Structure formats: C-alpha cells, structure tokens
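In the working numbering, the protein residues as written are 195 to 494.
Don't be surprised by glycine CBs; every beta carbon is placed ideally from N, CA and C.
Bear in mind the structure is a predicted one, so any value in this text is a computation, not a measurement.
I have placed the structure first, in the form of structure tokens, so that the comments after it can refer back to it.
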C-alpha cells in the first residue's frame, strides 16, 4: 500500500479538486474512510470539542497527538492535522513534525496567528497575526525537519479572518511559499467565496491552494474546480451532526424514561462492533489462544 504521505501528496497535485472530511477520533476516521473519502482533516475545533474544551489551545499538543494516533491507526487514508499555530515557536514545530511522521500522519497545517489562537469563525474575537518573517521561519523549520520527502506542510493564511485584506493575504502567501510551504490554505468567513476567488485571480496557480467553505457552503464545488483550487475541506460536519444526534437521543430518553423511542433510530450495537474490527480479534483468539475447554458436568 502507498505511504500515507505519498497518498496525500497525490491528492494535493491531482488535476481535479479533491476533498478532505473532518474526523475527531478513531471511530469517525474509520467512518470517513468507509464513506469513500481519500483523506481526513484532523480538525482542531472538532478534536477540542470532543475533548470538552474550547478551540483556544486548551487541549495540549500531546493530547491532540494522542487523538491523532488513534485516528491514524484506525484508517488507511492520510490525515492532515490542523495544528493551530504549531503549538509554540519554530522549535515546537520541529518536534511536532517529527512526532507526526512517527505516527504516519500525511500532512500538517499551521496557521499564522498568535498562540493561543481563537477559532476563526468566532464573532468579534481578537485575531492577531504572527509577523510574516517569524511565521515563515516556522514553515522553513518544519520543512527542514521532515525526514519523509512526501510529508506536506500547509501554511494557513488568516489575513481575511483578521480583516487585513487581499494585499496582506498575497504578501503572506508569497513569503510562505518562498519558505517552502507545499500548499497554502486561504481562510474566509464570508457567506460567499468572494475573498477566495479574488485571491485565486491574483495568485495565478503558483502552488496548490486549500479552502474551507464552512461559511460559504452554498458555493458549488464546480466553482472551486474552475478557480484552480486543489483541496476542499469539509471541516466540522461530522462533529456537528453527532452533537445533534446525541442531543436528540439524550432528550428523548430523559423525557420518556425509556429506550423504546430511540432504539430503532440509533446504530445497532453489532455495527459498533464491526467498526471496532471485533471479528479480527475473534480470528486472532482462534489462532493464538488454546481451545476453550467445555466444563465436565460430572466434575471429573
């Protein structure tokens, strides 16, 4: 099987737009793969929410890494980790890259905000940006550290989120590309793709571009293809759909004090066992454990 890093690099350089689906634990990573997606977005928002904390670097980088390791073990497709600002300075980024490569992660995405970050979709939140030369140093450090030539480093540009405009976004894009970024993620929280398309019109296909249309979700994917975008990330929909399902189920059980109203609507336990690959363990037990002895009713 092709290395996960090589799989991701192929996605990034595909002639057609490709898609990553969010996952936040091993189970959701397996579900993403079974749905047919070729890559996974290890969402910082989704992972932190699943851990019950805010998306403000409240979960430590080692806690995130533990989750990503389970995700990588549960799937055979590449993960691009949303690593926020890199969890510190260039030296933290170097250590992060080493640890991600050890766990078979396909790529890392680092954003040019200051630590600790605020989620980009929060209303009226402070969104201070890192100095261009400092962030470019992080990208260069990441690329210098990697041992696998196919491991990809994506620089996420938050100029539109911080309301610094197109000129600043282009200036940062050029600097990060020059520092060695394999691709650039351009983020926007407008309800249309106006900022993204304006950037693409000026960028002229200098390197692969990644987008996250959480807010401009009505934009047809054909628009992204025509604009020359390489990757589209569905960034948090599995988390949000699972929250809605859990809230509904919990409310019904609490109100009815019974399982009758939900049992036919929820996943059978057997399906959970299948997703956990329980059959593999059963076969392993047959191979490695001695046969189970049947108790002698006579006691002899």
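Of the candidates 346, 345, 235 and 364, the residue whose Cα lies closest to the Cα of residue 354 is 364.
Within the same chain, and ignoring the five residues on either side of residue 413 in sequence, the residues whose Cβ sits closer than 8 Å to its Cβ are 386, 387 and 407. In the three-state reduction of the DSSP assignment, residue 236 falls in the strand class.
Excluding its 5 nearest sequence neighbours in each direction, residue 245 has C-beta neighbours in its own chain below 6 Å: 253, listed in chain order. The C-alpha of residue 384 lies about 15 Å from the C-alpha of residue 429. Unbroken alpha helix (DSSP H) runs of no fewer than 4 residues, entirely contained in the segment 266-332, are found at 284-296, following chain order. Close CB contacts of residue 215 within its chain, under the 6 Å cut and outside five residues either way in sequence, are with 226, 231 and 428 (chain order). The Cβ atoms of residue 373 and residue 334 sit closer than 8 Å to each other.
Just measuring C-alpha positions, the residue of 439, 392 and 455 sitting nearest residue 423 is 392. Three or more beta-carbon pairs separated by less than 8 Å link the segment 340-360 to the segment 278-295, which places the two stretches in contact. Excluding residues up to 5 positions away in sequence, 264, 265 and 268 lie with their Cβ nearer than 6 Å to the Cβ of residue 220 in the same chain. The C-alpha of residue 337 is placed about 8 Å away from the C-alpha of residue 375. Within the same chain, Cβ atoms closer than 6 Å to the Cβ of residue 272 are found at 198, 201, 202, 233 and 300, the five residues on either side in sequence being excluded. Scanning the segment 400-436 for uninterrupted alpha helix (DSSP H) segments of 4 residues or longer gives 415-421, listed from N- to C-terminal end. Ranked by how close their Cα comes to the Cα of residue 434, the residues 213, 237, 229 and 463 have 237 in first place. According to DSSP, residue pairing for residue 212 in a beta bridge involves 425. Taking a C-beta distance under 8 Å as the contact criterion, residue 261 and residue 419 do not qualify as a contact pair.
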